[in-house]
Amino acid sequence: MPKFPALPDEEGRSPVRFRVLGPLRVESRPQPGALSGPQPGALFGPPSGAPSRPRPGPEPQLQPGPAKHRAVLAALLVSAGRVVQIERLMAVVWDDRPPASAESVLRVYISALRKLVDGIRTVPSGYLIDVEPDEVDCHRFERLVGEARRAREAGRAEVAVEGFRAALALWRGDAMADIESSYLRRTRAVPLEELRLTALEERVELDLLLGRGGEVVGELRALVGAYPLRERAWALLLDALRQAGRRAEALAAYQEARRVLVDELGLEPGAELVEAHRRVLSSETSSNEGPPPIRSAGDGPPHALINEAPPDISDFTGRAAVLDWIAAGTPGQGSAPVHLVVHGPPGCGKSAVAVRAATMIALPGGRLYASLRDRQPGAVLEDLLRSLGCPDGAVPAALDERVRLYRGMTAPRSLLVVLDDATDEAQVRPLLPTGPGSLTLVTSRSPLAGLEAARAYELGVFEPGEAVAMLAEVVGRERVDAEPEAAARIVRLCGGLPLALRIAGSRLARKPGWTLEHLAGRLGDERRRLDELSAGDLAVRGSLALGYQGLADSERRLLRRLGALSAPDFASWALGADLEPLAEAGLLQSRGLDEAGGERYGWHDLTRLYAAERLAAEDGGPAAVLAELAGEILDRTRQARTALLPAEPGSGRTVAHTAEHVLEPGSGRAGEPSLGWAGGPSLGWAGDSGLVRTGGWGLETGRLRADAQWLSAERRFLVATVGDFHRAGLHEAAWRLAFYLTPLFELGAHHDDWHVTAATGLDSARAAGHREGEALLLRGLADLHRAEGRPESAAAALRAAQPLVEGLELARITLRLGLVERRPAEAERALARCLRVFEEAGDRRGTADALRALGVVRGDPGLVERSLNAYGELGDPRGEAEALLDLARLHLDAHRYARARDCAERRIRINRRLGDRLPEAAGLLVLAEVAGAEGDPEGAARLAGEAEATFTAHSDRRNAAKALIIRIKALLDLDEIDAAVDGLARVMGESDSFGEPRSAEVELLSQELHRRRGLRI
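Note that the sequence shown covers residues 1212 to 2228 in this note's numbering.
#1: Using a threshold of 7 Å, state whether the C-beta atoms of ALA2005 and ALA1993 are closer than that.
#2: For ALA1311, does the three-state DSSP call read helix, strand or coil?
#3: Suppose the cutoff is 8 Å on Cβ atoms and the five residues either side in sequence are ignored; what does the same chain contact list for TRP1725 look like?
#4: Measuring only the C-alpha atoms, how far is ASP2060 from SER2078?
#5: Mark ASP1935 as exposed unless 16 or more other C-beta atoms lie within 10 angstroms of its C-beta, in which case mark it buried.
#6: For the candidate residues GLY1560, ILE1572, ALA1731, LEU1579, whose alpha-carbon lies nearest to that of SER1655?
#7: In whole angstroms, what separates the C-alpha of GLY1577 from that of MET1571?
#8: Please state the DSSP three-state secondary structure of ILE1701.
#9: Exposed or buried, what is ALA2036 when buried is set at 16 or more other beta-carbons lying within 10 Å of its beta-carbon?
#10: Could you please give me the residues that DSSP links to VAL1295 through a beta bridge?
#11: Taking the straight line between their C-alpha atoms, what separation do you get for ASN1499 and PHE1673?
#12: What does HIS1554 pair with, by DSSP beta-bridge criteria?
#13: Give the single residue among PRO2130, ASP2167, PRO1644, LEU1610 whose Cα lies nearest to the Cα of GLY1619.
#14: Mapping the DSSP letters down to three states, classify PHE1527 as helix, strand or coil.
#15: Are ALA2094 and VAL2075 touching if we call contact CB-CB under 7 Å?
#16: Taking the continuous beta strand (DSSP E) assigned at TYR1580, which residues delimit it?
#17: Could you compute how far the alpha carbon of ASP1742 sits from the alpha carbon of ALA2164?
#18: Three-state secondary structure (DSSP) at ASP1635?
#19: According to DSSP, is GLU1182 part of a helix, a strand, or is it coil?
#20: Going by the CB atoms, is the gap between ALA1388 and VAL1427 shorter than 7 Å?
#21: Given 6 Å as the limit, tell me if THR1971 has its C-beta closer than that to any heavy atom belonging to the ligand FMN.
#22: Which residues does DSSP list as the beta-bridge partners of THR1333?
#23: Provide the residue span of the alpha helix (DSSP H) that contains GLN1466, from first to last.
#24: Mind checking which residues open and close the alpha helix (DSSP H) that includes LEU1989?
#25: Along the chain, where does the beta strand (DSSP E) that runs through ARG1802 open and close?
#26: Suppose the cutoff is 8 Å on Cβ atoms and the five residues either side in sequence are ignored; what does the same chain contact list for VAL1702 look like?
#27: Which residues mark the beginning and the end of the alpha helix (DSSP H) in which ALA1278 is found?
#28: On the criterion of 16 or more Cβ atoms from any shown chain inside 10 Å, does ARG2180 qualify as buried, or is it exposed?
#29: In the structure shown, what three-state DSSP assignment does VAL1316 receive?
#30: Quick test of your reading: ALA2142 and ALA2151, contact by CB under 8 Å. State the CB separation rounded to the nearest angstrom.
#31: Taking the alpha carbon of LEU1448 as the point to measure from, which residue in LEU1478, ALA1311, GLU1475, VAL1485 has its own alpha carbon closest?
#32: Can you give me the C-alpha to C-alpha distance between ARG1926 and PRO1954, rounded to a whole angstrom?
#33: Taking C-alpha atoms, which residue in ALA1433, GLN1454, ALA1446, SER1392 lies nearest to LEU1421?
#34: Residues in its own chain within less than 8 Å of GLY1906 by CB, not counting five upstream and five downstream?
#35: Buried or exposed for LEU2257, please, with buried defined as at least 16 other CB atoms from any protein chain shown within 10 angstroms of its CB.
#36: Where DSSP assigns a beta bridge to ASN1518, which residues make up the other side?
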């Protein structure tokens, strides 16, 4: 491996503190007057034998840490100052196979790193390390290479050579040599190492231009020894030997290169090496011969390097992931041409990315650029042929002849060709270069899936951190720092769309008297937002209009109909039409398959506003479209709810066979049949759901899981649609949809969505004058309050519902009141009354629910056993699971541990069969308590940890805290005091965040820890 000289700090630049161009190394900030040498307690540092460059004064270094910690830190450093998504960190650490607890484990790694490295911040959706890019050697390396290339193109060869030398001096070995992450190796280390070799070759090429052939021979011999298949290095060695007057050695080097290529690859030398050999054969042995010019990619006489790429954008921000992808996809010397497609919605910055990538990639044949838009291939080819040196009069008239000539002229060249704003595959195919090592970079709103041998990257909007950084580049860092909340609001209202952010920033830059808050206020009005996002010849509306006008009539109508929806994503069934043409046009983006196996599509919020604008202008608004869609949406949601709650209270039959169908949307009558279809009381985790068998008919478990998955996949869409119906005045549809969704919210602990839809549904039920609907939603709201640990609010909602109903529905509300009654005697009397009412009416569902509730209040396992049998007769596995959980708790309280474990394990088997993760976690908690009671603290800690991970993954903070308390008790039994202290601090923090006093149990644990370790938390 070639050795490079040490690098002195660049004047005025931050010193390099973080090193990944070799083994991971972190240097502490030197303190004035500090002694040199390693500091105690440090974590990262140079490996044994690693070279170090002399520095004046101290250089405290941190010692090696755990492998996964190092991988996380390396991932943050190679994206210094930019957000690293949690999903990307998972891929870094676990190579695309993260465990279920990956997020919580990452938080532990980050916490450990923060104790040793300053600047690691948590941001929405990920983490970033807040350091200057120049403090990280890989970023300084890339900057120095870019500056050297610009100096070379400006004709300042000496400056360029020194720039390349400074960049190469940063290397201490293979990139990230001690980082165990194939993801980082693939996406960052390999491209960095390729850029290192390319930079070395470009520097040597300049040395030859300056007549220093004799000085670089040794370096080149080391390079070809390390990389014997790199033809460009061999060609440079031949030129260096020829320039040094060592013609015989040059001829021998060519024979050695040819032998290696033939033996290893079965290939003869390529055009570049053959041309270098020709120069040796035709040269004199004198060293006075001038150096070769900067190479042309062709085989003709040397000529100026082609560079038609537009100028780079000075305030370009972010986009590390796509630039890494492009760099990784750049072909090697002599390999087959590569075609890369960057696609995405209008205004997402595809062209800016292509231009930035073009400035970073130096291929021997130079750079060609063409803006396609709606141009015909023949016209574009005419321009490209002239750029390649074809005289005006020699350009053929026929398209096929132009294609043949273009392919012939590009065949000997290694070119970068940027084809910007392509419409379809047919426009691109004739423009693809054929030379070995050539790269075609295409931008398009379409993924161009039919383009042969092409790879595609979907470019989305900015992450929040990137978006704020771009706004600061355009507006000025001082103004953004002065109003961070307003800046974040502008980013949110622009949806992170680069075009919108640039326009917003340009307006602020032109109006220094405006505050960011003022512009945010103007953008806050959806009706004016597209008007506000216009500056000069830049306009979001104009960009969207180009795509809209290019659609067929049926596709334009489909986009307008989508404008009636406010959902962030949706599936084709909602519109009853294929959405792929809109995705091909870049107006929708595929989100992949959802958990139910359906294809989902999303769009940018500004595209939604444009579609709504066209709907209002051309079709009169959303009401008619939503009224047309309501029937299908309600019917599908009702059928999926049936799988969660199939047994109708009051009859024991399926919903599909009962009076629920009498309540068709639009009836609005107050005196319909019993409304037993509303579902029984949920005593735990959606406990009134299950399987019904009437006359031998039943739903299979797979159907139960499939419908639950469908509801979960459509949750965001359906929640948004409740609001759409309400705003359009479709109140009957709005309250029904809100009601149908309640079991989904309870099963998945989606409390925020539950609050929103319950409030909207209540408003709609009242607007429709539907008393039963209002009562049903109040009853659901009470279930939500109870799940959140607010029994008084639950009781208030139930009392408000009582005057609205009578009969069995009143009994179901009374049963719920019994569940939140704090006085045991009153609760028992209320539940006993409900049980009598349900038994007299023959309501099997109500009877099962009342038996279970009464058994829990009385502490009577016999009553709960009866409810378990009743749920079994109804064919309700989720009801059985909840009864088993109650039985397990009763047996645990009575110290019947074997029976408690049996009931909990039976429940968990049902939960797993149905795919109900949160209910499964509740069962794991009971098993953890049983293990602790039986003297197995290791098992208790493990089970409680599994439950906590599930609760945390579903944002169920209350139950996560309960699981953590059980785990703390087990840790105390294991005498793991430090871990117990950390856990108790987290529990106390959760209690404080809820605004609730700490429980007696938490205070007792705190006292115990204080007793054992003298700690007070």
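Note that CB positions come from ideal geometry on N, CA and C, so glycine has one too.
All figures in this text were calculated on a predicted structure; none of them were measured in a lab.
The structure says:
#1: yes
#2: Reduced to three states, the DSSP call for ALA1311 is coil.
#3: ARG1718, LEU1719
#4: Between ASP2060 and SER2078, the C-alpha separation is close to 7 Å.
#5: buried
#6: Of GLY1560, ILE1572, ALA1731, LEU1579, the residue nearest in Cα terms is GLY1560.
#7: 12 Å
#8: Note: ILE1701 maps to helix in three-state DSSP.
#9: By the neighbour-count rule (16 or more Cβ atoms within 10 Å), ALA2036 is not buried but exposed.
#10: TYR1338
#11: Its pLDDT being 42, under 50, ASN1499 is placed unreliably by the model, and the measurement read from it follows with that caveat. Near 55 Å, if we compare the C-alpha coordinates of PHE1673 and ASN1499.
#12: SER1655, GLU1669
#13: PRO1644
#14: coil
#15: yes
#16: 1577-1582
#17: 41 Å
#18: coil
#19: The structure shown does not extend to residue 1182, since the chain spans only 1212 to 2228, so no value can be given for it.
#20: no
#21: Because no ligand of any kind appears in the structure shown, any question about the ligand FMN cannot be addressed here.
#22: TYR1338
#23: 1458-1476
#24: 1982-1998
#25: 1800-1804
#26: Within the same chain, VAL1702 has close Cβ partners PHE1673, PRO1675, ALA1678, VAL1679, LEU1682, LEU1712.
#27: 1278-1288
#28: As written in the sequence, residue 2180 is Lys, which differs from the Arg given in the question. Flag for LYS2180 reads buried.
#29: helix
#30: 4 Å
#31: VAL1485
#32: 12 Å
#33: With distances taken between Cα atoms, LEU1421 lies closest to GLN1454.
#34: Residue confidence is low: GLY1906 scores 33 on pLDDT, short of 50, so the model does not pin down where it sits. Its coordinate-derived value is still stated next. Cβ neighbours of GLY1906 within its own chain (closer than 8 Å, five residues either side excluded): none.
#35: One cannot answer for residue 2257 here, as it falls past the ends of the chain, which runs 1212 to 2228.
#36: ARG1578
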